[in-house]
Ligand code: FES
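This is the structure we're talking about:
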């Protein structure tokens, strides 16, 4: 049965600036997979699902950013997305967006709320 759940990602200070952290909500074969991006005191969260053909964006654990850390990049075909909006501005799916996930920082701790399955 699917629903929504809030999970704790951990302290903001535990993520590099800028940096990313993968997460999973739910168990089983089809958990909801996403990642948060920290940039300074802001945190953004997206489903780990490329707007091009739906591949996971990363090949390396927690590796979602371009070499210069200015954008989110998909390892499959190089789509690049704005960190703060999830909008694709370069690559095969320009104009499409990553699916944003609710994220909050309370007392220095990051929480995300999302579905418990895909
Ligand atoms: S699946 Fe991400 S760019 Fe093709």
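In the numbering used here, the protein residues as written are -17 to 100.
No residue lacks a Cβ here, since even glycine has one placed at the ideal position from N, Cα and C.
Judged by beta-carbon spacing, residue 38 lies within the 8 Å limit of residue 15, meaning their Cβ atoms are closer than that value. Beyond the five residues adjoining it in sequence on each side, residue 8 comes within less than 6 Å, by CB distance, of 14, 98, 99 in the same chain, given in chain order. DSSP places residue -6 within a helical segment (H, G or I) once states are collapsed to three. Residue environment analysis places residue 3 among the buried positions, since at least 16 neighbouring C-beta atoms fall within 10 angstroms of its C-beta.
The beta carbon of residue 75 is closer than 8 Å to those of 32, 33, 34, 61 in its chain, skipping five residues each way along the sequence. Rounded to the nearest angstrom, the gap between the Cα atoms of residue 25 and residue 48 is 17 Å. Non-local beta-carbon contacts of residue 77 in its own chain, meaning distances under 8 Å to residues more than five positions away in sequence, involve 69, 70 in chain order. When secondary structure is reduced to three states using DSSP, residue 95 falls in the strand class.
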